[in-house]
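Numbered according to the numbering used here, the sequence shown spans residues 2 to 615. We treat Cβ as the ideally placed atom computed from N, Cα and C, and that holds for glycine. Following: one structure in structure tokens, then a few remarks.
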Amino acid sequence: MTRRQKKTLWRIIIAAVLTAVAALLPVEGVWRALAFVAPYLVIGWDVLWSAARNIAHGQVFDEKFLMAVATLGAFAIREYPEAAAVMLFYQIGEWFQSVAVGRSRKSIAALMDIRPDFANVLRDDVEQQVDPEEVALGETIVVRPGERVPLDGVVLEGSGSVDTAALTGESLPADKTVGDTVLSGSINLTGLLKLRTSGVYAESTVARILELVENSAEKKARIEGVITRFARWYTPLVVASAALLAVVPPLLFHGAWSVWVERALIFLVVSCPCALVVSVPLSFFGGLGGASREGVLIKGANFMEVLAKVDTIVFDKTGTLTQGRFAVDAIHPAEISPEELLDIAAAAESYSSHPVAESVVRAHEGDIDKSRIGEVKELAGLGVEAVVDGRIFSVGNGKLMDRVGADWHECHLPGTVIHIAEGSRYMGHIVISDQLKPDAKEALQKLKALGVKKTVMLTGDAEKAAKAVAEALGVDEVHAGLLPAQKVEQVEALLDAGGCVAFVGDGINDAPVLSRADVGVAMGALGSDAAIESADIVLMDDKPSRLPLAIRLARRTMRIVHENIVFALAVKFGILILSAFGLTNMWWAVFGDVGVLILAILNAMRCMLRLRQS
Ligand code: ADP
Ligand code: MG
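Right, dumping it as structure tokens:
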């Protein structure tokens, strides 16, 4: 609790006691009024003061003004206990709201408490403690057990297990040893690690995540806009009705002033839309926080709204449903030796970051002399064209071979085939195979169980490899041999068919599709910048099974938002109607305002809870 909240709490307690005393005092008339003025002022002076100040600024329809008018009006018609109580409960509601909002802020801040405070950098063999922002690329940093890794880096010396839970939601620690990549924001649990930094702090995983989370609160859901607009006319409308209710019946029909003024005051108290204005953003805030705890970064409440409605999910294959780490199964040269073919392919691929390229380079034993390599052209969805030892090679799929006019042929083996040609002379092919992600099948099953209508796989790989993956996983539809632009066309067709489409990709070759779909979900947040940029949602640990979880979180958030809207409006309208007929008193109004606010906030806070496993 902040000091301010503590102070308000004390004022609430004192005012409550004073109100009880006033109610018990055996006094009448003016003395009774004065007895209630004491608690009223203790609890309400600041409300009266800021209402007066707001009027001076021409701002009349705010809640403080409403409360001031309603309670002063109650004094005027000699409803003293009610006047004090309305103000008391109003402050209780405000206090509750500020504690709840503060709490959820704090818990998200704690979740996001991944910002490293310092880095131990080794300079001239002396260890210095510096700000992570002062460490350059390629410097050596030391991370002791229990410390947070300040910058992304590669292990130079030492080994140990590292906890990445705050980054990826993955609760099992990962073992790291020499040569492994360690991400900033994770915690070194055992053993001393010496890392060589692979970038500066501003580009580190931690800095990127923090930036994302900070910006996500700004993107509002459509429904938040609706609520704001609704509040803008709801309050003046109810206040105007209150004015009519207070004046018209007494003047036209000789009603008693006190009766109609009381009904009007109830209107004023109920006209405050704060239950909605507070609980809807709070729900989204909690939902976004809950998702990031599960390793799902959602870049705004608007995307959460869409995710809850998604009925068509389109996946990329390589790196998304499969691991993107190919093993070389066979090398089939046309003329030269297998070693020579692999050497040419690896050299040509050595500048590409495509998973296919990285796998070929990995399979090549020994370093590749970069001076052998001339101009390199990466052809998205096809392969690469590179000058190696002064000769021009094309390395890629069958489509690329057709383009250069090489006389290529299919391979009888299953897997992805990389063909190599020099000019139009066919040199042979390398067969590589990928592995399914261990949770890919489970992810697709869970999506179906959640009622997702259609799952589709789009890939640039050849038909045979694509079909094998689709069958193993139970994907509804598969389209193979696509160039990046054709993937966009496929997604557009699904959008035209009226689907609410999510595209899930690894960000390599599919940034255009990510932004074209209703919601773009990127894997490989821990690797590719393109993905983090163009995606709306990032699955931090590259696990497709986070997607059904994210959908459930989004749906729960939307359900809670709708519950609060329906509940608050039903109670408020109900009380308004009953009050117009004189069937209520001030205590109903207090429930209609503060009671509803508190219940809505409690409900909204459920958005932060962890989901049950399913
Ligand atoms: P996916 O849709 O499965 O993610 P891409 O669109 O990235 O695949 O690539 C499609 C196909 O193009 C790959 O299966 C591969 O045959 C070929 N390809 C793309 N880039 C390269 C590369 N650097 N080297 C060799 N082949 C490549
Ligand atoms: Mg891909």
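Do you know whose CA, among the options, lies nearest residue i's CA?
i, options, result
"L484", "N398, D126 and S516", "N398"
"G192", "V567, R145 and I433", "R145"
"F231", "T323, L245 and S272", "S272"
"G180", "A167, G161 and V514", "G161"
"P40", "A53, T72 and R54", "T72"
"I369", "D390, K378 and F568", "D390"
"L277", "V61, K438 and V562", "V562"
"I332", "L211, S434, R264 and H355", "S434"
"L540", "F504, V514 and G575", "F504"
"T319", "V311, V357 and R294", "V357"
"P415", "G159, V597, L598 and A467", "A467"
"D542", "V522, V489 and R556", "V522"
"Q614", "R547, G159, V70 and H413", "R547"
"G500", "E158, I142 and V311", "V311"
"V388", "S360, A349, C412 and T417", "A349"
"E493", "L459, L238 and K438", "L459"
"R124", "E135, T141, Y235 and Q324", "T141"
"S51", "E219, L67 and R12", "L67"
"R233", "E64, I337, R373 and S280", "E64"
For residue i, does the three-state DSSP call read helix, strand or coil?
i, result
"V567", "helix"
"P1", "This structure cannot speak to residue 1, because the chain is shown only from 2 to 615."
"L138", "coil"
"S105", "helix"
"F316", "strand"
"Y352", "coil"
"K300", "coil"
"V489", "helix"
"K177", "strand"
"F504", "strand"
"I15", "helix"
"V227", "helix"
"F394", "strand"
"A257", "coil"
"E219", "coil"
"W55", "In the sequence as presented, Trp is not what sits at residue 55; that position holds Asn. N55 falls in the helix class under three-state DSSP."
"T460", "coil"
"D542", "coil"
"L561", "In the sequence as presented, Leu is not what sits at residue 561; that position holds Ile. Correct three-state label for I561: helix."
"R610", "Before going further, note that residue 610 is Leu rather than Arg in the sequence given. L610: coil per DSSP, three-state reduction."
"N604", "helix"
"D164", "strand"
"Q129", "strand"
"V271", "helix"
"R116", "coil"
"R197", "strand"
"K454", "coil"
"V278", "helix"
"L1", "The structure shown does not extend to residue 1, since the chain is modelled only from 2 through 615, so no value can be given for it."
"K378", "strand"
So, residue i versus residue j, is the Cβ gap smaller than 7 Å?
i, j, result
"V1", "L194", "As displayed, the chain neither begins before 2 nor continues past 615, which places residue 1 out of reach and without an answer."
"G288", "T9", "no"
"V405", "A381", "no"
"L474", "T313", "no"
"G429", "L342", "yes"
"A222", "A302", "yes"
"A1", "L283", "Any property of residue 1 remains undetermined from this structure, which presents the chain solely from 2 to 615."
"S535", "A551", "no"
"P82", "A16", "no"
"A243", "L554", "no"
"A53", "L266", "no"
"V100", "Q6", "yes"
"W261", "P250", "yes"
"G147", "S199", "no"
"I115", "A167", "yes"
"I578", "G593", "no"
"R264", "S580", "yes"
"I13", "I93", "yes"
Throw me the rounded Cβ distance for the residue i and residue j pair, which I believe falls under 8 Å.
i, j, result
"V59", "T169", "In the sequence under discussion, the amino acid at residue 59 is Gly, which differs from the Val named in the question. Incorrect: roughly 51 Å between the Cβ atoms, too far for contact."
"D507", "T321", "5 Å"
"L269", "V315", "The Cβ separation is near 52 Å, so there is no contact."
"T165", "A175", "6 Å"
"I419", "A364", "With 8 Å as the limit, I419 and A364 do not qualify as a contact, their Cβ atoms being about 11 Å apart."
"I299", "I566", "The pair is not a contact, with the Cβ atoms about 21 Å apart (cut-off 8 Å)."
"L445", "V476", "6 Å"
Is it the case that the CB of residue i approaches a heavy atom of ligand 4 more closely than 6 Å?
i, result
"S338", "Ligand 4 is not part of the structure shown, which contains ligand 1 and ligand 2 as its ligands."
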